[in-house]
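In the working numbering, the protein residues as written are 1 to 67. Each remark here refers to the structure printed beneath this line.
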Ligand SMILES: [Zn+2]
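Structure follows, in structure tokens:
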């Protein structure tokens with residue numbers, strides 16, 4: 001648990017837009033994070049039904065881990 005979520009990138013606690021179906025969900029699941037050079041990063045959320053079928057993006061330090 002070394003990751004930190006920038007406050008400015010955190011959506012409203014009431015929910016978020018699913019990055020797969022673009023529909024609003026009141027139970028968003030974090031499935032990825034996009035870093036941008038000119039601004040705060042964007043956290044990707046998915047609705048519960050899509051989150052289970054999506055593989056979370058590898059975080060820095062995890063991609064190089066041997067199998
Ligand atoms: Zn969805």
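Glycine included, every Cβ here is placed at the ideal spot set by N, Cα and C.
Backbone CA spacing between residue i and residue j [nearest angstrom]
i, j, result
"residue 34", "residue 44", "7 Å"
"residue 46", "residue 53", "10 Å"
"residue 23", "residue 50", "11 Å"
"residue 29", "residue 17", "10 Å"
"residue 31", "residue 21", "13 Å"
Near ligand 1: residue i beta-carbon under 8 Å from a heavy atom
i, result
"residue 46", "yes"
"residue 73", "No answer is possible for residue 73: it lies beyond the span of the chain, which begins at 1 and ends at 67."
"residue 36", "no"
Three-state secondary structure (DSSP) of residue i
i, result
"residue 18", "strand"
"residue 51", "helix"
"residue 26", "coil"
"residue 32", "strand"
Cβ shell of residue i (< 6 Å), same chain only, five flanking positions each side left out
i, result
"residue 26", "15"
"residue 37", "none"
"residue 19", "44 and 46"
Contact set for residue i: own chain, Cβ-Cβ below 8 Å, skip 5 residues either direction
i, result
"residue 48", "25, 27 and 29"
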